[in-house]
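Colleague: Before I ask anything, here is the structure I am working with.
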């Protein structure tokens, strides 16, 4: 048996979702990456209470879709541990295309927000592309082990970093929360603000509404 795994390059297509309209009145642009099992268009509902005139939200779509039992809802996944580097390269190119299409003004207040699996995607993208932002929000997710403090030296000292997590998160026990908190401090130092809340692995809308 002569089994081989080969690789090709090809052009693909993917969607992304936006909420509100980017105008001269827009004060804040959000780049928000959903967690496993979400679709970008539904993830936007967590941002619907933000002032529509002042906030424009861009939600990239994870590329790998699957059915979620038992009701067969469609969800999506960003990466797995199989061929992670190749998958992330594809996501880098996809995110580049999204930002190129959106043409975010340089002077805008720019928030990068990752939830659950979206945390690792946003952090890797920032590190690889040195994407500048005014605020980085890491909500209920894990920080990739390969990232170092040097990867984020390019960020302005004024860039805020916030770590949000539920104290009853079924995926983050106290040991994991301590580990992720230490990792955040290693990467960003004293600029990190910790925002725990009493709750499980859910998006905290109250914190979203208070971030600006």
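Numbering (the working numbering), first residue to last: 976 to 1187.
From the three backbone atoms N, C-alpha and C, an ideal C-beta is built for every residue, glycine too.
With hydrogens ignored, establish whether the beta-carbon of residue 1169 is closer than 8 Å to any heavy atom of the ligand SAH.
Modeller: Looking at this structure, you won't find the ligand SAH or any other ligand, since it has none at all.
Colleague: Determine the DSSP secondary structure at residue 1124, reduced to helix, strand or coil.
Modeller: DSSP places residue 1124 in helix when its eight states are reduced to three.
Colleague: Restricting to runs no shorter than 3 residues, where is the beta strand (DSSP E) found entirely within the region 1116-1166?
Modeller: Here the runs fully enclosed are 1135-1141.
Colleague: Using a threshold of 9 Å, state whether the C-beta atoms of residue 1094 and residue 1116 are closer than that.
Modeller: Going by C-beta atoms, residue 1094 is nearer than 9 Å to residue 1116.
Colleague: What are the start and end residues of the alpha helix (DSSP H) that includes residue 1018?
Modeller: Residues 1015-1018.
Colleague: Considering only residues of the same chain and omitting the five flanking positions on each side of residue 1122, which have a CB-CB separation below 8 Å?
Modeller: Within the same chain, residue 1122 has close Cβ partners 1098, 1099, 1102, 1162.
Colleague: Taking Cβ positions, are residue 1207 and residue 1164 nearer each other than 9 Å?
Modeller: Only positions 976 to 1187 of the chain appear in this structure, which leaves residue 1207 out of reach.
Colleague: Where does residue 1065 fall in DSSP's three states?
Modeller: Helix.
Colleague: For residue 1110, which of 1120, 1050, 1018, 1131 has the nearest alpha-carbon?
Modeller: Residue 1131 is the option with its Cα nearest to residue 1110.
Colleague: Does DSSP put residue 1083 in a helix, in a strand, or in coil?
Modeller: Residue 1083: coil per DSSP, three-state reduction.
Colleague: Please report the distance separating the alpha-carbon of residue 1006 from that of residue 976.
Modeller: If I take the Cα positions, the gap works out to 47 Å.
Colleague: Residue 1182 and residue 1120 - do their beta-carbons sit closer together than 9 Å?
Modeller: Their beta carbons are not under 9 Å apart, which means residue 1120 does not touch residue 1182 by this criterion.
Colleague: Would you tell me roughly how many angstroms separate the C-alpha atoms of residue 1171 and residue 985, rounded to the nearest one?
Modeller: Those two C-alpha atoms are separated by around 43 Å.
Colleague: Nearest CA to the CA of residue 1084: which residue from 1004, 1173, 1184, 992?
Modeller: Nearest option by C-alpha distance: 1004.
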